Amino acid sequence: MKPTTRIRGLIIGVASAALLGAAGLAAAGRADGATANTANTPATVATPVALAVTGSLYVSPTGNDADPGTQAAPVRTIARAQALVRTLNQNMTADVTVVLEDGFYRMSSPLTLTAADSGTGGHTVIWTADTGAHPVLAGSAQLTGWHPMSSGSPIWVAQAPAGTQTRQLYVDGVRAVRATGALPNALTGQGSSGYSGGGTAMAAWRNPSGAKPQLEFVYRGGLGAWTEPRCPVASFSGDAVTMAQPCWTNSTARAGSFPDGRAYNLVGRSSITEQPTSVENAFQFLGAGTPGQWFLDQGDSKLYYVPRPGENLATADVEAPVLEKLVTGGGTASSPLHNVTFSGIQFSYATWLGPQFHTQGTSDGFSEIQANYQVTGANGAASQGLCTVPPSTYTLGTCPYGAWTQIPGNVSLTYDQKIQFTNDAFVHLGAAGLALGDGSQNDVVKGSVVTDVSGNGIEIGNVDLPTATGASQTSGNAVTDNHVFDVPVEFHGGIGIDSGYTTNDSVSHNQIDHTPYTAISQGWGGWPDKEQEAPQANFSRTNTIANNLIFDHMSLLNDGGAIYTQGITGTSLSTGEHVTGNLIHDQTGSGHVIYTDNGCTFETITGNAVYNNTSAQAWSSRHNDYAPGATTTYDPTDVENNYFQNPAGYTTGGGVTVANNTTITGASGVPAAITAAAGIEAAYQGVLQWVQAPLPPVPGVTRLVLSNLVVNDAANAANWSLQTNLQVGVPIYGDRGYTLATVPAALIGADWVRVANNSKTVTASPLVSFGISRAATVYLAVDVRTGKRPWMDASWSDTGTTLTDDESGTARTFEVYAKAFAAGTVSLGPNGANNDGYDIAVV
Numbered sequence: 003m004k005p006t007t008r009i010r011g012l013i014i015g016v017a018s019a020a021l022l023g024a025a026g027l028a029a030a031g032r033a034d035g036a037t038a039n040t041a042n043t044p045a046t047v048a049t050p051v052a053l054a055v056t057g058s059l060y061v062s063p064t065g066n067d068a069d070p071g072t073q074a075a076p077v078r079t080i081a082r083a084q085a086l087v088r089t090l091n092q093n094m095t096a097d098v099t100v101v102l103e104d105g106f107y108r109m110s111s112p113l114t115l116t117a118a119d120s121g122t123g124g125h126t127v128i129w130t131a132d133t134g135a136h137p138v139l140a141g142s143a144q145l146t147g148w149h150p151m152s153s154g155s156p157i158w159v160a161q162a163p164a165g166t167q168t169r170q171l172y173v174d175g176v177r178a179v180r181a182t183g184a185l186p187n188a189l190t191g192q193g194s195s196g197y198s199g200g201g202t203a204m205a206a207w208r209n210p211s212g213a214k215p216q217l218e219f220v221y222r223g224g225l226g227a228w229t230e231p232r233c234p235v236a237s238f239s240g241d242a243v244t245m246a247q248p249c250w251t252n253s254t255a256r257a258g259s260f261p262d263g264r265a266y267n268l269v270g271r272s273s274i275t276e277q278p279t280s281v282e283n284a285f286q287f288l289g290a291g292t293p294g295q296w297f298l299d300q301g302d303s304k305l306y307y308v309p310r311p312g313e314n315l316a317t318a319d320v321e322a323p324v325l326e327k328l329v330t331g332g333g334t335a336s337s338p339l340h341n342v343t344f345s346g347i348q349f350s351y352a353t354w355l356g357p358q359f360h361t362q363g364t365s366d367g368f369s370e371i372q373a374n375y376q377v378t379g380a381n382g383a384a385s386q387g388l389c390t391v392p393p394s395t396y397t398l399g400t401c402p403y404g405a406w407t408q409i410p411g412n413v414s415l416t417y418d419q420k421i422q423f424t425n426d427a428f429v430h431l432g433a434a435g436l437a438l439g440d441g442s443q444n445d446v447v448k449g450s451v452v453t454d455v456s457g458n459g460i461e462i463g464n465v466d467l468p469t470a471t472g473a474s475q476t477s478g479n480a481v482t483d484n485h486v487f488d489v490p491v492e493f494h495g496g497i498g499i500d501s502g503y504t505t506n507d508s509v510s511h512n513q514i515d516h517t518p519y520t521a522i523s524q525g526w527g528g529w530p531d532k533e534q535e536a537p538q539a540n541f542s543r544t545n546t547i548a549n550n551l552i553f554d555h556m557s558l559l560n561d562g563g564a565i566y567t568q569g570i571t572g573t574s575l576s577t578g579e580h581v582t583g584n585l586i587h588d589q590t591g592s593g594h595v596i597y598t599d600n601g602c603t604f605e606t607i608t609g610n611a612v613y614n615n616t617s618a619q620a621w622s623s624r625h626n627d628y629a630p631g632a633t634t635t636y637d638p639t640d641v642e643n644n645y646f647q648n649p650a651g652y653t654t655g656g657g658v659t660v661a662n663n664t665t666i667t668g669a670s671g672v673p674a675a676i677t678a679a680a681g682i683e684a685a686y687q688g689v690l691q692w693v694q695a696p697l698p699p700v701p702g703v704t705r706l707v708l709s710n711l712v713v714n715d716a717a718n719a720a721n722w723s724l725q726t727n728l729q730v731g732v733p734i735y736g737d738r739g740y741t742l743a744t745v746p747a748a749l750i751g752a753d754w755v756r757v758a759n760n761s762k763t764v765t766a767s768p769l770v771s772f773g774i775s776r777a778a779t780v781y782l783a784v785d786v787r788t789g790k791r792p793w794m795d796a797s798w799s800d801t802g803t804t805l806t807d808d809e810s811g812t813a814r815t816f817e818v819y820a821k822a823f824a825a826g827t828v829s830l831g832p833n834g835a836n837n838d839g840y841d842i843a844v845v
């Protein structure tokens with residue numbers, strides 16, 4: 003495990019003069035489309051020349067689809083590259099490599115794969131980034147032509163393409179928030195069609211075009227503490243609110259109940275009963291107090307946005323996702339897609355319109371069950387997934403039990419074998435990120451980043467084929483050495499890594515942090531034990547969840563955990579699920595940390611460490627075993643040799659073994675071997691410093707370029723260099739491992755200078771100089787222990803913003819100053835203090 007590191011020192015940022023008064027912090031950054039600048043320092047540094055990837059086909063955003071796809075004459079589109087691959091992969095004697103050059107690939111339709119796109123002869127079709135390139139497969143439209151609605155208005159507007167539909171918007175690589183606010187009045191008289199009262203104020207709302215808004219009600223915890231269902235509003239009539247169907251029925255009239263009051267589905271409640279916790283998608287919520295919020299007027303396809311402090315919509319890259327899939331398809335059980343690799347690619351800017359209002363009777367909304375599975379369809383509440391679990395007098399249930407609807411993935415495949423996603427990024431996505439569904443076998447997801455995804459981060463398998471056999475099973479997949487964080491961001495009941503029914507799968511050495519609900523979920527179908535019925539039979543067995551580092555999870559919802567397992571996991575303790583070597587800390591919400599829920603049978607939990615979990619027991623809970631042929635009172639579970647803070651009070655007996663566990667009081671009680679082995683392995687630690695790919699150019703915007711770096715410190719000059727794309731997480735010093743923790747919005751995506759921290763005490767003046775291609779503003783973030791440097795005269799203004807860093811657990815705060823410069827040479831004096839050296843960034 004590598005400790006989290008942050009920057010320390012003086013940050014120097016350069017931005018356009020319009021950003022001088024910028025304020026606010028952001029946790030994701032802007033990148034620019036320029037290549038890195040070259041350094042000119044007193045010390046000569048030998049730089050190795052990276053060789054381009056040798057490919058069979060080449061693709062470039064500036065290519066031409068009429069060209070042959072050679073390195074000298076690349077094609078332009080992914081679709082054309084796919085067509086050419088199909089001419090090369092019929093009788094392969096070597097891998098076919100499709101090399102993607104740097105830039106944005108704006109897709110008008112998904113890359114739809116079938117068995118015809120497979121590698122043959124034991125070889126692989128490889129879609130890969132060129133050396134040093136950061137290609138982005140994007141399903142968005144770039145919006146330009148922004149202007150204030152009126153003089154002095156905080157709301158800006160731009161014309162989107164006619165008919166645009168989207169649920170997301172991104173400004174300079176940062177997700178904006180769809181207009182949201184509180185109910186203007188309490189709703190009353192909840193009934194089968196909606197509410198009989200409380201809607202008058204909302205009924206009067208109109209978009210700027212005069213169209214009625216398509217409002218959406220959000221119910222945090224509405225169908226259980228682990229859920230966040232959403233239902234659109236269909237219409238208003240006077241004070242009455244008619245809700246969209248079938249969403250409303252599926253969320254308020256779930257079939258049941260058993261004598262004890264449980265709904266027949268046995269998961270959560272039969273009905274939403276509380277008021278909406280928020281309302282989304284109303285222009286009326288926009289104003290000076292809602293920076294970062296947006297609204298799409300579907301009456302005329304105009305998009306409205308309130309800029310965050312420091313954002314300049316005249317130069318910003320604004321992306322509106324319109325595609326719902328970037329990569330999709332697969333094969334069949336008899337003819338699977340196979341032997342395809344994606345490497346070094348960022349998959350971004352796709353939406354999902356499923357929860358939207360479509361027409362009355364066809365609007366499923368988001369009637370959540372658990373883990374972003376939903377009740378859908380006109381008969382969903384009465385029948386979907388109920389099977390034979392209800393009393394025998396109830397005959398409407400459809401089988402198999404628990405076969406509810408999975409949130410789709412923006413990158414999704416089924417019936418696929420030996421597919422690899424390596425060194426990729428799934429970011430800025432509106433559904434689930436990556437979904438490898440039914441029939442996914444021997445796939446690998448490794449060394450990749452998943453963040454800023456609306457729903458589940460990674461999905462393996464599904465829950466609709468619990469007794470599948472052969473090629474229809476999900477089996478042999480490995481999800482390892484990935485960084486999954488800050489997911490989900492819209493459908494908060496989602497999971498970092500979610501697996502349905504799987505066999506011989508491994509989820510290991512991942513780092514999963516900052517999730518609103520559960521980090522890892524495995525299995526399904528165990529809830530019938532609530533009514534002393536057998537759990538859903540399934541093919542799951544021999545799955546492993548090992549050596550993951552999980553922290554800061556369960557930040558928003560409750561009744562979940564770090565590692566959650568549901569249903570039968572095997573046929574014995576040897577073939578059941580093994581949860582081993584995981585390091586878990588800082589769970590916020592209630593539930594259990596290692597959570598064995600209903601029907602979790604044949605689970606082994608060994609060698610894990612859990613601390614800072616005061617609201618949740620380290621492991622729980624124990625359930626009676628109602629599986630066919632059960633020989634024990636409780637679901638067989640082996641819990642041994644763990645290090646637990648706040649352990650459960652269970653003891654050995656009835657099929658449960660609880661032995662040789664150590665109670666600890668915090669991190670100091672965790673054996674070093676567990677700490678060292680947990681999380682991302684050494685060869686893949688670079689994913690922890692991942693930054694998003696450079697953003698595309700904006701038409702009519704002149705790119706700022708840095709050049710001619712000169713450092714008057716020969717001893718350390720080799721560790722200075724010009725960089726692009728300043729973001730949280732970048733290594734900030736050339737001679738230290740510290741990374742950026744937070745940064746004002748005005749500096750996100752800046753060009754910057756990576757400095758040597760060892761130059762901090764040098765007194766030469768100027769210490770550094772560099773060229774800027776146009777007028778800009780230079781920002782300096784000064785360690786508050788040092789303060790404004792003596793050479794910084796009154797022309798340097800305090801922006802009122804700060805940035806922070808973390809060095810070995812010690813937090814530092816830096817105050818940010820700014821000064822406007824004309825195009826030409828910028829010269830800066832020394833840091834001249836033994837706190838930390840300064841760094842230089844340029845927007």
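In this note's numbering, the protein residues as written are 3 to 845. Virtual Cβ for every residue (Gly too), placed ideally from N, Cα, C. Note that the structure is a prediction, hence the values are computed from the model and not measured.
Item: According to DSSP, is glutamate 533 helix, strand or coil?; Value: helix
Item: Please name the residue in Ile552, Gly789, Asn662 and Val413 whose C-alpha comes closest to that of asparagine 484.; Value: Ile552
Item: Write down the C-beta distance between alanine 316 and leucine 305 rounded to the nearest angstrom, noting that I regard them as a contact closer than 8 Å.; Value: In fact, because the Cβ distance is near 16 Å, the residues do not count as touching under 8 Å.
Item: Check whether the region 255-265 touches the region 161-176, taking contact to mean three or more Cβ pairs, one atom from each stretch, closer than 8 Å.; Value: no
Item: Reducing DSSP to helix, strand and coil, say where glycine 831 ends up.; Value: coil
Item: What are the boundary residues of the beta strand (DSSP E) that includes tryptophan 692?; Value: No beta strand (DSSP E) holds tryptophan 692; DSSP gives it neither H nor E.
Item: Beta-carbon within less than 6 Å of aspartate 599's beta-carbon, same chain only, minus the 5 sequence neighbours each way: which residues are those?; Value: Gln568
Item: For serine 414, I'd like the list of residues in its chain whose CB is within less than 6 Å of its CB, leaving aside the five on either flank, ordered along the chain.; Value: Thr330 and Ala437
Item: Grouping DSSP H, G and I as helix and E and B as strand, with all else coil, what is alanine 36?; Value: Summary for alanine 36: the model assigns pLDDT 33, below 50, so the residue's position carries little reliability, and this model does not support an answer.
Item: Any contact of the region 385-405 with the region 506-524, i.e. 3+ C-beta pairs under 8 Å?; Value: no
Item: Are there three or more Cβ pairs, one per stretch, closer than 8 Å when the region 616-625 is compared with the region 537-552?; Value: no
Item: Which residues bound the beta strand (DSSP E) around alanine 822?; Value: 812-823
Item: Hey, could you find the ends of the alpha helix (DSSP H) glutamine 84 is sitting in?; Value: 80-87
Item: Answer with buried or exposed for asparagine 93, where buried requires no fewer than 16 other C-beta atoms within 10 angstroms of its C-beta.; Value: exposed
Item: Look up tyrosine 686 in the DSSP assignment and say whether it is helix, strand or coil.; Value: helix
Item: Less than 9 Å separating the beta-carbons of glycine 527 and valine 465?; Value: yes
Item: How about the region 153-161 and the region 122-132: do they share at least three Cβ pairs that are nearer than 8 Å?; Value: no
Item: Since glycine 435 and glycine 411 should fall inside the 8 Å C-beta cutoff, what is the C-beta to C-beta distance between them, to a whole number of angstroms?; Value: 6 Å
Item: Grouping DSSP H, G and I as helix and E and B as strand, with all else coil, what is leucine 305?; Value: strand
Item: If you follow the beta strand (DSSP E) that threonine 779 is in, where does it begin and where does it stop?; Value: 778-785
Item: Would you tell me roughly how many angstroms separate the C-alpha atoms of alanine 835 and threonine 765, rounded to the nearest one?; Value: 9 Å
Item: Would you call lysine 448 buried or exposed, if buried means 16 or more other Cβ atoms sit within 10 Å of its Cβ?; Value: buried
Item: Can you find the residues in the same chain that come closer than 6 Å, C-beta to C-beta, to glycine 65, ignoring five residues on each side of it along the sequence?; Value: Pro76, Val77 and Arg78
Item: Let me make sure I understand the geometry here. Which of Gln358, Ser253 and Thr476 has the alpha-carbon closest to that of serine 501?; Value: Thr476
Item: Going by other Cβ atoms of all chains shown within 10 Å of its Cβ, with 16 needed for buried, is asparagine 833 buried or exposed?; Value: buried
Item: Let me know the secondary structure DSSP gives methionine 245 once reduced to three states.; Value: strand
Item: Would you say tryptophan 207 and phenylalanine 285 are within 9 Å of each other, going by their C-beta atoms?; Value: yes
Item: Pull up the CB-CB distance for tryptophan 228 and leucine 728, whole angstroms please, since I reckon it's below 8 Å.; Value: Going by Cβ atoms, the distance from tryptophan 228 to leucine 728 rounds to 37 Å, so no, they are not a contact pair.
Item: Assuming asparagine 584 contacts threonine 608 under a Cβ cut-off of 8 Å, what Cβ separation, rounded to an integer in Å, is found between them?; Value: About 10 Å separates the two Cβ atoms, so there is no contact after all.
Item: Rounded to whole angstroms, what's the CA-CA distance from methionine 295 to serine 474? Just pull it up for me.; Value: The sequence given here has glutamine at residue 295, not methionine. If I take the Cα positions, the gap works out to 43 Å.
Item: Could you say which of Thr741, Ala695, Ala716 and Arg756 lies nearest to alanine 708 if we only look at CA atoms?; Value: It is leucine, not alanine, that sits at residue 708 in the sequence shown. Ranking the options by Cα distance to leucine 708, first place goes to Arg756.
Item: For a test of the three-state rule: what should DSSP assign to serine 111, helix, strand or coil?; Value: coil
Item: Report yes if the C-beta distance between leucine 711 and isoleucine 774 is below 9 Å; otherwise report no.; Value: no
Item: Would you kindly work out how many angstroms separate the C-alpha atoms of proline 186 and glutamate 276, rounded to a whole number?; Value: 15 Å
Item: Per the contact definition of three or more C-beta pairs closer than 8 Å, is the region 373-381 in contact with the region 245-259?; Value: yes
Item: Closer than 8 Å by C-beta to leucine 90: which residues in its own chain qualify, once you throw out the five before and the five after it? Chain order, please.; Value: Ser58, Leu59 and Val98
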